[in-house]
Structure formats: structure tokens, C-alpha cells
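*Asks:*
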Amino acid sequence: MGRDLEQALAAGDAGRARQLLEGMDRQLTAGRAEGAQERALHDDVRTALGALTRGSGGVDRAALDRVVARCRAMGQTGHHE
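All the letters of the sequence shown, read from the start, carry residue numbers 0 to 80 under numbering that gives the first Met the number 0.
(1) Return the chain-ordered list of same chain residues with a C-beta closer than 8 Å to the C-beta of residue 52, the five sequence neighbours on each side being excluded.
(2) What do you reckon, are the CB atoms on residue 4 and residue 19 nearer than 9 Å?
(3) Once DSSP output is grouped into helix, strand and coil, what is the label at residue 33?
(4) Please work out which residues of its chain come closer than 7 Å, Cβ to Cβ, to residue 62, disregarding the five sequence neighbours upstream and downstream, and give them in chain order.
Here you go:
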């Protein structure tokens, strides 16, 4: 998902970025985000998602960049089912 999120951000597609973050949040919540990497990723996903959904149009680029970096480090770069 990291690659998909990175592409959405590069295209300026906040709607797609929000969709991806919401999907990641659901997956991490369902999986109970075990392990330090998963918990850190989940924290960053929620931070980034919160910035996108506040209605102010705000984007926490640092959190989004951390999500992408953590996904890449965890090997989650491609499309998911």
C-alpha cells in the first residue's frame, strides 16, 4: 500500500489517499496491530487520516511520509487484496 499511497499523494488525490489510509486503519484494527512496527504504523495512519478528515483540508505530510516509509520497510509496497 505504500506505493499506492505515494502515487495518490504525488497525483494530489486526497480522496484516494484517504481511502487507502482508511483501508489500512481497518486492516490494522482487525489485526490488533501486534508488534512495535505495526503499532507505530497504525499510529501514523491515524495521525495522517485525522489530518485528512478534519475538514480543514489539512495534510500531515510528515505522518504520510512515515506511513509510506513504514510500509516500504515492512514490504507492503504493492496492491493488496
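Idealized CB from N, CA, C, for every residue including glycine. Remember, predicted model here, so these are calculated numbers, not experimental data.
*Replies:* By the coordinates alone:
(1) Here residue 52 refers to the residue found at position 53 of the sequence shown. Result list for residue 52: 17, in chain order.
(2) On the sequence shown, residue 4 is found 5 positions in, with the first residue counted as 1. On the sequence shown, residue 19 is found 20 positions in, with the first residue counted as 1. Cβ distance < 9 Å, so residue 4 and residue 19 count as in contact.
(3) As a working mapping, residue 33 is identified with position 34 in the sequence shown. The answer is coil: DSSP assigns residue 33 none of H, G, I, E or B.
(4) Taking the first residue of the sequence shown as position 1, residue 62 is located at position 63. Counting only Cβ-Cβ distances below 7 Å, and skipping sequence neighbours, we find 43, 46, 47 and 50.
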